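Sequential numbering of the sequence shown, starting at 1, is according to UniProt numbering.
Written below as structure tokens is the structure these notes are about.
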Amino acid sequence: MPTSLIDRTYRVTLPSGAEARVNRFDLNMCRFGDMDGGYDRHIQLTDSAWIRHRLLKIIPEDKGGA
Numbered sequence: 001m002p003t004s005l006i007d008r009t010y011r012v013t014l015p016s017g018a019e020a021r022v023n024r025f026d027l028n029m030c031r032f033g034d035m036d037g038g039y040d041r042h043i044q045l046t047d048s049a050w051i052r053h054r055l056l057k058i059i060p061e062d063k064g065g066a
């Protein structure tokens with residue numbers, strides 16, 4: 001069964017070094033909206049906490065294989 005858009009997440013590293021998950025759509029919208037350089041938008045993590053999106057580092061997905 002395909003994953004819905006809402007269920008798709010990025011694994012991210014928080015400033016503390018802990019791992020969390022954020023909704024892909026939300027993070028992409030924060031980054032797109034911030035292209036004007038005007039705001040440091042907040043994003044909600046899957047555990048309902050809020051954080052500035054610029055503080056997150058995406059953990060690359062392991063595609064498997066070589």
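Every residue gets a Cβ at the ideal spot worked out from N, C-alpha and C, and that includes glycine.
What you are looking at is a predicted structure, and each value in this text was computed from that prediction instead of being measured.
Any idea if residue i is buried or exposed, counting beta-carbon neighbours within 10 angstroms, 16 or more meaning buried?
i     : result
Ile43 : buried
Which residue or residues does DSSP assign as beta-bridge partners of residue i?
i     : result
Ile58 : Val12
Hey, residue i and residue j are a contact pair by Cβ (cut 8 Å); roughly how many whole angstroms apart?
i     : j     : result
Leu55 : Arg21 : Not really, about 15 Å apart at Cβ, beyond 8 Å.
Inset, instruction - Only counting runs of 3 or more residues, tell me where the beta strand (DSSP E) segments fall wholly within the region 10-56, in order along the chain. - result: 19-23, 42-44 and 50-52
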